[in-house]
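Everything on this sheet refers to the single structure shown next.
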Amino acid sequence: MKKIAILLLAAALLFGCAAKDDPNAVFVDPNAIQGGGYGELYFEADGVRFGMFDEAKPVLEALPAYRSTFTEESCAFDSADVSYFFSGYRIMTNEIDGVERITAIVCTDDTVRTPQGLYIGMPEADAAAAFPLLQQNDWNLVDGTALLSVTVQDGSIVSIVYSPSNAED
Amino acid sequence: MKRKLLTAGGVLLACIVFFGVLAAASRLVAPKYHDALIEGHLTGEYYGEPSPHDVLFVGDCEVFEHFSPVVLWNEYGITSFIRGGAQQLVWHSYYLLEDALKTETPKVVVYNVLALKYGEPQSEAYNRLNLDGMRWGTAKIGAIRAGMTDGEDFMSYVFPLLRYHDRFDKLTQEDVRYWFKDGGPVSFKGYVMHAGVNPATEVPSDPHETQLPESSMAWLEKMAALCEEKGISLVLIKSPSIYPQWYPEWDAQIEAFAKSHGLRYDNMIEKSDAIGIDLNTDTYDQGQHLNVYGAEKLSVWFGRELQTQYDLPDRRSDAALAEEYAKLSDRYEAEKQRLITEDN
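Residue numbers (this note's numbering), protein chains in the order written: chain E, 8 to 176; chain L, 121 to 464.
Structure representation (structure tokens):
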């Protein structure tokens with residue numbers, strides 16, 4: 008009987024040691040769920056300054072009315088990315104701990120210039136001269152909770168995206 | 121001697137009890153995917169099929185929500201099944217196809233190409249949805265090995281208790297209800313029905329690579345070779361949903377692949393008008409997936425194309441099949457009415 012108990016205990020320990028996180032759980036860095044931690048990597052439009060993990064509601068209320076919204080559904084899980092389309096850019100939000108927060112800002116055409124001075128269509132040489140660190144870091148910059156990713160194709164910038172610096176690919 | 125026998129018997133009994141408890145506990149904590157996260161139930165439903173199929177669909181949500189085997193039967197007498205799953209990536213599709221071809225040889229395999237945009241494993245959660253219900257064999261082993269994300273381990277697929285033991289305190293009535301029995305199919309030969317209407321509007325355009333990953337194209341190559349080896353016609357499709365985006369560069373790449381392999385490729389986004397798809401009424405989530413009205417239109421169009429090009433037989437005169445599909449049609453219509461009532 009003692010042997011059986013030891014066997015069962017060993018099995019329990021084995022399974023306990025092999026514990027892993029729930030695959031359905033959404034990855035959230037507890038240090039990153041408050042807004043304002045993006046340092047210099049903020050976005051600004053119509054006099055409203057905002058960035059990663061800022062609460063979406065006051066930002067959306069302060070900005071002019073968005074053109075349309077799109078809710079990207081997950082194929083099976085209850086996690087939705089919501090996009091708000093504005094002229095020249097798009098804000099994406101997710102609900103984190105019951106609060107809708109900004110989780111991406113995407114420039115969509117050449118009518119907007121980021122506070123850092125970047126714009127779609129900007130010549131690669133100009134961007135490299137103005138932001139040598141950006142070019143040296145494979146066109147990515149991190150500041151606190153924010154990651155600025157720039158895509159350069161055929162000698163000019165074709166996309167500018169702000170996303171969480173801790174986001175999983 | 122007697123004492124030794126008694127000891128051996130005791131050890132044997134202990135082992136039986138131990139592994140019995142282990143197996144029962146394993147079944148209890150493993151997700152049932154019947155009342156919630158039903159996409160995880162789809163893979164296993166294939167094994168309950170009573171008859172072979174002329175057409176097998178493989179791919180992601182753009183097959184299991186976009187094609188209705190009931191319509192293919194009712195309109196053309198085509199027998200079909202959808203081996204599709206949520207974020208079913210190309211290696212999943214390859215091995216699910218390989219698994220199916222061990223027991224049947226359809227005339228046509230239809231593969232939806234959207235998932236080719238992923239060249240690397242994406243998510244353990246989706247791996248589980250697609251693979252937990254797969255029967256054990258070389259195909260499942262290959263699928264697990266090909267798709268594991270960082271941190272996953274093979275043994276947790278062999279012994280689900282290793283993975284799901286932390287669900288002990290999260291068990292639901294569903295877990296108990298389906299502990300030792302399956303609750304029956306949640307799909308209609310792999311088709312998952314939605315009847316809501318949420319019109320398409322503007323969709324995001326994201327930064328993307330100009331070419332589909334080499335790794336996913338290599339799996340497509342393997343799939344083409346597997347079909348060729350079995351004498352099966354492989355048809356490539358891009359379902360007519362508008363998000364996630366299917367970019368022109370990718371389309372050209374698949375067009376070239378199809379041409380070089382002598383395969384048919386239908387970009388159904390471009391053919392939406394001819395098919396009759398109206399994304400004001402035929403989608404339940406702004407153009408990402410079709411609802412049942414869209415799926416039925418698409419199935420009527422595609423069934424005609426398949427029957428014409430691949431000379432598929434009309435099997436409606438087969439009494440056994442007619443009976444099987446009549447029962448399925450009844451269940452299908454009842455579910456459609458239920459969903460329509462629910463949505464209103």
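Ideal Cβ placement from N, Cα and C applies to all residues, glycine included.
For residue i and chain L, any beta-carbon pair shorter than 7 Å?
i         : result
Glu-179/E : Given a span of 8 to 176 for chain E in the structure shown, any question on residue 179/E remains unanswerable.
Gly-92/E  : Inspection of the sequence shows that residue 92/E is occupied by Phe rather than by Gly. Taking Cβ atoms only, chain L reaches closer than 7 Å to Phe-92/E, which makes this a yes.
Cys-114/E : no
Phe-77/E  : yes
Glu-80/E  : yes
Pro-37/E  : Legend: pLDDT at Pro-37/E = 43, less than 50; position of this residue unreliable, value from coordinates given subsequently. False, the Cβ-Cβ gap to chain L never drops below 7 Å.
Ser-166/E : yes
Using only the alpha-carbon positions, how far apart do residue i and residue j sit?
i         : j         : result
Val-106/E : Ile-136/L : 50 Å
His-154/L : Tyr-430/L : 36 Å
Ala-144/L : Thr-292/L : 16 Å
Leu-282/L : Lys-290/L : 16 Å
Val-317/L : Asp-402/L : 7 Å
Pro-360/L : Gly-164/L : 27 Å
Ser-419/L : His-314/L : 15 Å
Ile-164/E : Asp-88/E  : 25 Å
Leu-399/L : Ala-137/E : 44 Å
Leu-332/L : Trp-146/E : 22 Å
Lys-456/L : Val-141/L : 41 Å
Gly-129/L : Met-275/L : 29 Å
Thr-258/L : Trp-211/L : 13 Å
Asn-247/L : Glu-334/L : 21 Å
Using C-beta distances below 6 Å, list every residue in its chain close to residue i, excluding the 5 sequence neighbours before and after it, in chain order.
i         : result
Lys-309/L : Pro-189, Phe-201
Thr-225/L : Lys-350
Arg-287/L : Val-149
Met-254/L : Thr-163, Lys-260
Ser-156/E : Asn-147, Val-168
Phe-77/E  : Ser-90
Asn-38/E  : With a pLDDT of only 48 at Asn-38/E, under 50, the local geometry of the prediction cannot be trusted, and the value read off the model is given with reservation. Correct list: empty, nothing qualifies.
Tell me which residue opens and which closes the alpha helix (DSSP H) that residue i is part of.
i         : result
Gln-373/L : 368–381
Glu-453/L : 439–463
Lys-260/L : 258–267
Leu-209/L : No alpha helix (DSSP H) contains Leu-209/L, which DSSP labels as neither H nor E.
Ile-136/L : 122–149
Pro-139/E : 139–143
Glu-195/L : 189–196
Ser-276/L : 275–278
Leu-176/L : Note, Leu-176/L: premise wrong, no alpha helix (DSSP H); beta strand (DSSP E) at 175–179.
Residue i by DSSP, collapsed to three states: which one?
i         : result
Cys-114/E : strand
Leu-15/E  : Bear in mind that a pLDDT of 43 at Leu-15/E, under 50, signals an unreliable position, so the number given afterwards is only what the model happens to contain. DSSP places Leu-15/E in helix when its eight states are reduced to three.
Asn-247/L : helix
Pro-30/E  : For Pro-30/E, the predicted structure reports a pLDDT of 40, less than 50, and the residue's modelled location is therefore unreliable. A value from the coordinates is still provided. It is coil, neither helix nor strand.
Tyr-385/L : strand
Glu-51/E  : strand
Pro-37/E  : The predicted model places Pro-37/E with a pLDDT of 43, which falls under 50 and marks its position as unreliable, so this point remains unresolved.
Pro-433/L : coil
Thr-121/E : coil
Ser-361/L : coil
Pro-130/E : strand
Thr-330/L : coil
Val-466/L : Residue coverage of chain L in this structure runs from 121 to 464, which leaves residue 466/L outside it and unanswerable.
Over what stretch of residues does the beta strand (DSSP E) that includes residue i continue unbroken?
i         : result
Glu-102/E : 96–103
Asp-150/E : 147–150
Ser-156/E : 153–160
Ser-335/L : Where Ser-335/L is concerned, there is no enclosing beta strand (DSSP E), although the alpha helix (DSSP H) it sits in stretches over 334–350.
Asp-88/E  : 88–93
Val-355/L : 353–358
Ile-395/L : Segment 392–395 is the alpha helix (DSSP H) holding Ile-395/L; no beta strand (DSSP E) there.
Pro-171/E : 163–171
Who are the near neighbours of residue i in its chain, counting only those whose CB is closer than 8 Å to its CB and skipping five residues on each side?
i         : result
Glu-425/L : Asp-386
Asn-31/E  : Because Asn-31/E carries a pLDDT of 38, less than 50, the predicted location of this residue cannot be relied on, and the following value inherits that uncertainty. Phe-84.
Phe-139/L : none
Taking only beta-carbon positions, decide if residue i is within less than 7 Å of chain E.
i         : result
Gln-207/L : yes
Glu-322/L : yes
Pro-319/L : no
Gln-486/L : The displayed coordinates of chain L run from 121 to 464. Any statement about residue 486/L would go beyond what the structure contains.
Gln-406/L : yes
Pro-91/L  : An answer regarding residue 91/L cannot be provided, because it is not within the stretch 121 to 464 covered by chain L.
Pro-305/L : no
Pro-327/L : yes
Near residue i, which residues of its chain fall below 7 Å by C-beta distance, leaving aside the five closest residues on each side in sequence?
i         : result
Asp-434/L : Tyr-196, Gly-197
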